[in-house]
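Respectively, the protein sequence lines represent chains G and L.
Taking the numbering used here, the leading residue of the first sequence gets 16, the next gets one more, and so forth.
Taking the numbering used here, the leading residue of the second sequence gets 16, the next gets one more, and so forth.
Notes follow once the structure below has been shown.
2 protein chains.
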Amino acid sequence: MTIKISEVFHGLNTQQLTALINILNKADAHAKETGADQGELLDARITEDMHPLSWQIQTSLELLVRGGARLVGLEPGSVSLEEREFSKLVPRVKEIQAQLTKMDSNVLDQIGDKIFEIPAGPDTIISLSGNDYVLKFLLPNFYFHLSTAYDILRMRGVPLSKRDFLGPITT
Amino acid sequence: MTIKISEVFHGLNTQQLTALINILNKADAHAKETGADQGELLDARITEDMHPLSWQIQTSLELLVRGGARLVGLEPGSVSLEEREFSKLVPRVKEIQAQLTKMDSNVLDQIGDKIFEIPAGPDTIISLSGNDYVLKFLLPNFYFHLSTAYDILRMRGVPLSKRDFLGPITT
């Protein structure tokens, strides 16, 4: 038995973006309880030369939106998250979840062998099969930015546990 | 076209553990250059109530070793990393890589439908198919601990880039 690409892709949407919504709600509740400045929290970084929380969240979403579009042959659009409050980010993530749900599973499952040219940094293009694009590029990148967002929130005292990161495993 | 579980599993080994070895070598070089105490670096955490770097590394390896054993029907053993120097951790990771390479792809590819009982925290057992175990449990957990290890090293000034995290995408 094998795994369908659509199962991997839509699984990230239903599991990890649901986890992200829960995490954003907890960050909102924590900021309200402690009186923390939400904008300042969204600007927090692991270290000076890494990107802030807002960027980590935006990039994890963009990877799915752009990656999904690329896989099914649509023009990859960017994701702009200008919201400076967690409670306003939540409906944006839900909107993106709804948009991703529409990605056609039948098309996703036919791109395993197709070759994609992926921009990977300045002046670098890498050629990957659809399978490799999902497994070797999309997954590690997506989880990296989501984990870093979680780590920043933990660093700033938001009470989260690994269960929050994992999201709904059994649904 | 679909993805084989063995492709996912062995891909983590060849891509992400190779990335980890490179990251440990860079941490070693940085500590030697700056005179940083390697033991103290291995004890560093994102925040007081999160696990230290040494634990994040150990857990990411243990997830593959125990997860792989569970999938192919062997008794899951634990991974103990007592080494307090990066240059001594590197051969341990290589040893684990060699061990994981031996996991039988044919067996791995036959467990998609099999139900696994996974301990997930105190008094919690979750039942997952082999596919779901890999996609919904092993992957997010593994990437979480590896990303957090990377974040701790960045937080402590080790010069790393996202390329280091991603490892050899095209091989």
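Glycine is no exception: its CB is placed at the ideal position from the N, C-alpha and C atoms.
Since the model is a prediction, treat every value here as computed from it, not as a measurement.
Of the choices LEU86(G), ILE111(G), GLY54(G), whose alpha-carbon is the least far from that of SER8(G)?
The question about residue 8(G) has no answer here: the residues shown for chain G are numbered 16 through 186.
Taking only runs that begin and end inside the region 30-99 of chain G, name each unbroken beta strand (DSSP E) of 3 or more residues, in chain order.
none
I'd like to know if SER162(L) contacts chain G, where contact means its C-beta is closer than 9 Å to some C-beta of that chain.
Yes, SER162(L) counts as interfacial toward chain G.
Quick one: grab the DSSP three-state call for PRO134(G).
strand
Do you know whose CA, among ARG99(L), GLY182(L), SER176(L), GLY88(L), lies nearest MET65(G)'s CA?
The option with the nearest alpha carbon to MET65(G) is SER176(L).
ARG171(G) to LYS117(G), Cα distance in whole Å?
Roughly 35 Å separates the two Cα atoms.
Spell out whether any CB of chain L is found under 9 Å from the CB atom of ASP128(G).
yes
Near GLU132(L), what residues of its chain come up, given a Cβ to Cβ distance below 7 Å and the 5 sequence neighbours on each side ignored?
ILE140, SER142
Around the C-beta of GLY50(G), are 16 or more other C-beta atoms found within 10 angstroms, so that it is buried, or is it exposed?
exposed
Against chain L, does GLY26(G) count as a neighbour if the rule is that its beta carbon must be under 9 Å from one of theirs?
yes
Taking Cβ-Cβ distances below 8 Å as the criterion, which residues of the region 120-150 of chain G are in contact with chain L?
ASP124, GLN125, ILE126, GLY127, ASP128, ALA135, GLY136, ILE141, SER142, LEU143, GLY145, ASN146, ASP147, VAL149, LEU150
Nearest to GLU55(G) by CA position, among THR62(G), SER69(G), ILE130(G), LEU32(G), is which residue?
Checked all of THR62(G), SER69(G), ILE130(G), LEU32(G); the closest Cα to GLU55(G) is SER69(G).
Residues of chain G with CB closer than 8 Å to the CB of VAL23(L), please, in chain order.
ILE18, LEU150
Is it true that the CB of LEU150(G) sits closer than 9 Å to the CB of VAL23(G)?
yes
Based on the DSSP output, what are the partners of LEU150(G) in its beta bridges?
Per DSSP, none; premise fails for LEU150(G).
Of the residues ARG99(G), SER75(G), LEU181(G), VAL80(G), which one's Cα is nearest the Cα of PRO91(G)?
VAL80(G)
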